[in-house]
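A short worksheet on the structure shown next.
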Amino acid sequence: MSTPGGETTSVVIVGAGPAGLTLANLLQSEGVGCVLLEAESREFIEALPRAGFLEEWAVRALERRGLAGPGLLGAEAQGDCEFRLDGTRHVFRYGALSGQRHIVYPQQFLVTDLVRAFADEAGGDVRFGARDVAVHGIRTSRPSVSYTDPETGQQRTVSCDFVAGCDGARGSSRTAIPDGGIEVFRHNLGVGWLALLAEAPPSAERVVFGLHPQGFAAHMARGPQVTRYYLECPPGDSPDNWPHERVWSELRTRLGARDAEPLNEGDVIERRVLDMHNYVVEPMTYGRLHLAGDAAHLVAPVAAKGMNLALNDALLLADAFRAYYREGDESGLEGYSDACLRRVWQYQDFNRWVSEIVHGPSSGDPFRAGVAAARLRRMTRSEKAGRAVAGLYIGSDADH
Ligand SMILES: Cc1cc2nc3c(=O)[nH]c(=O)nc-3n(C[C@H](O)[C@H](O)[C@H](O)COP(=O)(O)OP(=O)(O)OC[C@H]3O[C@@H](n4cnc5c(N)ncnc54)[C@H](O)[C@@H]3O)c2cc1C
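Take -14 as the starting number for the sequence shown in my numbering and just add one per residue.
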């Protein structure tokens, strides 16, 4: 709809990642008007490899809402992971212990499915390549979002009832909140991870965590021909310090164990250094701006939590908007932040607990290495402890 001052809709969603796209699809199916603004092109977001492990409850939640396509529903499920320490293999069967598994589905596949569902099948309004996105008037009853149209170079403004800030860790929507409006609680793990994607079949049928004095390493399937690997490195390290030979030599050393299959090596097609840190924004709502996903909380990818949290926020926010637009019930929107933060802090806590296991042996501190080994022994040898850890690793509908 056009007005002299621009356009108007019910909700402007900033950012077409898992959070923004899930929310957009759910609002569209409810008949709630929304405009989705994305800074990048469709091709770019559909090819960006990041996460790959979805918790089973999240997949079932998408399925119940008609948002799980055949690719996701047919994807491989995994319920075991393996820790290697001092040449010994410790398998953790969290699927059997919890009754829930991870679904291995690369994030870019989920994003592709959700873009298709929203833009091509439901006729949703998504605007790619939106530049200079800025959120205004979030303390008023009529906020707006301005952006520069990539084709005409003209500034456009969409006014709305609410803004959903789903623009990730480096987005702009959070900057609309004045100083003192929110608090950001940060925790730095003090390490870097070199994130690698290799054009090579997985070398094990499960996730493998290598705990090694030279640094942590991990192996995770991303599909039959692509595998993600991580190597702990100094924070701020340059990917240029990690040529092909060094990468594979370190992976062989850190993931090595008695009777382990040799690694399937291949070309490294992505190499980037992540500074491993976490943050939580409180509250996740300011005025008419609701934050969701990485815009509101970052969880370093130690325990594969970030995308799952982004989906949880989007589901809760969609429910809250539905209640508001159908029944005028504002309680969901008022309680949105608290409802999300309960799972966010659970996941941050678990992530930190696992982080000590994977980084303790390389910390140079024998005390931390001892704690890591004790945690590993407890979770793999005590069924009771294993069940508790399994439940936290895989999450559940009840994590509120
Ligand atoms: C290497 C790596 C591995 C990971 N592995 C896992 C895993 O196994 N499991 C897991 O659960 N999580 C994992 N994560 C975390 C997961 O990828 C994120 O938590 C998830 O992408 C968050 O989704 P989101 O929708 O909140 O944000 P994003 O996916 O970051 O999406 C935000 C979108 O907003 C757009 N945007 C940014 N700024 C603007 C702007 N100003 N205007 C308009 N649009 C904007 C961006 O282009 C992007 O498309 C991993 C992350 C990384 C980096």
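All C-beta atoms, glycine included, are put in the ideal place defined by N, C-alpha and C.
- A direct Cα-Cα distance of roughly 34 Å separates G56 from G320.
- DSSP places A9 in the uninterrupted alpha helix (DSSP H) bounded by P3 to E15.
- Distance from the CA of G153 to the CA of S83, rounded to the nearest whole angstrom, comes to 30 Å.
- Comparing alpha-carbon positions, the option among W330, R231, I167 and H75 lying closest to G195 turns out to be H75.
- In this structure, I162 has its beta carbon at no less than 6 Å from each heavy atom of ligand 1.
- Our two residues, S129 and R213, have alpha carbons roughly 40 Å apart in a direct line.
- Inclusion of R360 and I342 in the CB contact set at 7 Å is warranted, their separation being smaller than that value.
- Taking C-beta atoms as the reference points, L236 and S340 fail to come closer than 7 Å.
- Between the alpha carbons of R35 and E315 lies a gap of roughly 35 Å.
- DSSP places Y90 in the coil class of the three-state scheme, outside both helix and strand.
- Ligand 1 has no heavy atom closer than 6 Å to the beta-carbon of C19.
- In summary, D334 is exposed, with fewer than 16 beta-carbon neighbours lying within 10 Å of its beta-carbon over all protein chains present.
- In the DSSP assignment, no residue is bridged to R159.
- Residue state for E61 is assigned as coil, using DSSP reduced to three classes.
- Contact check for E255 against L182 passes: the beta carbons are separated by less than 7 Å.
- Closest in alpha carbon position to A242, among E217, D304, V118 and H197, is H197.
- In the structure shown, C218 falls within a strand segment according to DSSP collapsed to helix, strand and coil.
- According to DSSP, D110 shares a beta bridge with V20.
- Secondary structure of E246 (DSSP, three-state): coil.
- M269: not part of any alpha helix (DSSP H); DSSP gives it neither H nor E.
- At least one heavy atom of ligand 1 sits closer than 6 Å to the Cβ of L22.
- Between the alpha carbons of L296 and P247 lies a gap of roughly 36 Å.
- In the three-state reduction of the DSSP assignment, L33 falls in the coil class.
- Setting aside the 5 residues that flank it on each side, G109 is surrounded in the same chain by A9, N10, Q13, C19, L21 and F103, each with a C-beta closer than 8 Å to its C-beta; the list follows chain order.
- Taken in chain order, the complete beta strand (DSSP E) segments of 3 or more residues contained in the region 168 to 201 are 168 to 184 and 192 to 196.
- The DSSP-derived three-state label of D105 is helix.
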